[in-house]
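Heads up: the structure comes next, in structure tokens.
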Amino acid sequence: MKKSVINSATLMILEASGEYRPATPKEILAAAKTAVGYIYGRGSLFTSPQAAREFLTAKLAGRESECFAVLFLDNRHRLIEYRELFYGTIDGASVHPREVLKAALEVNAAAVMFAHNHPSGDTEPSMADQRITARLKDVLALVEIRVLDHFIVGRDVTSFAERGIL
Numbered sequence: 228m229k230k231s232v233i234n235s236a237t238l239m240i241l242e243a244s245g246e247y248r249p250a251t252p253k254e255i256l257a258a259a260k261t262a263v264g265y266i267y268g269r270g271s272l273f274t275s276p277q278a279a280r281e282f283l284t285a286k287l288a289g290r291e292s293e294c295f296a297v298l299f300l301d302n303r304h305r306l307i308e309y310r311e312l313f314y315g316t317i318d319g320a321s322v323h324p325r326e327v328l329k330a331a332l333e334v335n336a337a338a339v340m341f342a343h344n345h346p347s348g349d350t351e352p353s354m355a356d357q358r359i360t361a362r363l364k365d366v367l368a369l370v371e372i373r374v375l376d377h378f379i380v381g382r383d384v385t386s387f388a389e390r391g392i393l
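Mapping to the numbering used here: the sequence shown position 89 is 316, numbers consecutive.
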């Protein structure tokens, strides 16, 4: 099987002057985020960790500071909305359960998947990551909203569900 290699020298940007130039890594990531928005729109199924991994990698990888996001899903695990709720620094973001609950009720979510990035690239879940996930799960359970997974995006993507942490 042939493997494609893509780098900034193979992807080109058409300038207003009509000239082409190599795309920068930042432009490639921006284009990928736009493409993911078209591929995974409202109603997209998120029934496997792999589908969520692809989506979240495009949305959160390469950021310089932490971002905590939520995939709000219906009872068949179709996407209602992706929302970035909290932003932080290079090594943390404050997550407020009340705001997560409010947003989930606002879109009438039946289930959620959490995600955040680690700018360091290390996707090992910290104790703080595990504590906030447990707290969010408890809060959302009070109104019968299921927490399906929590992903950490860095050099790769770690799934709490696959690790048995959830």
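Positions of the beta carbon are idealized from the N, C-alpha and C atoms, including for glycine.
What you are looking at is a predicted structure, and each value in this text was computed from that prediction instead of being measured.
*Determine the direct distance from the alpha carbon of Phe378 to that of Pro249, and round the result to whole angstroms.*
32 Å
*Going by beta carbon distance, what residues of the same chain come within less than 8 Å of Ala355, once the five residues before and after it are set aside?*
Gly319
*Check whether the Cβ atoms of Leu367 and Val384 lie closer than 8 Å to each other.*
no
*Run of the alpha helix (DSSP H) containing Thr274, from where it starts to where it stops*: Element bounds for Thr274: n/a, residue is neither H nor E.
*Can you give me the start and stop residues for the alpha helix (DSSP H) that Ile359 sits inside?*
354-368
*Apart from the five residues just before and just after Thr411, which ones in its own chain have a Cβ nearer than 7 Å to its Cβ?*
No answer is possible for residue 411: it lies beyond the span of the chain, which begins at 228 and ends at 393.
_In this structure, how does DSSP classify Ala331 when only helix, strand and coil are distinguished?_
helix
_Looking at the secondary structure, which residues open and close the beta strand (DSSP E) in which Glu311 lies?_
306-314
*asked:* Looking at Ala435: is its Cβ nearer than 8 Å to the Cβ of Leu312?
replied: Residue 435 lies beyond the residue range present for the chain, which begins at 228 and ends at 393; the question has no answer from this structure.
*Return helix, strand or coil for Leu393, following the three-state DSSP convention.*
coil
*Is Ala296 helix, strand or coil by DSSP?*
strand
*Measuring CB to CB, does Val297 end up less than 8 Å from Arg280?*
no
*Report yes if the C-beta distance between Leu287 and Ala342 is below 8 Å; otherwise report no.*
yes
_Limits of the beta strand (DSSP E) - the one that Leu241 falls within_ = 239-241
*Taking the Cβ atom as the reference point for each residue, do Thr316 and Ser292 lie within a distance shorter than 8 Å?*
yes
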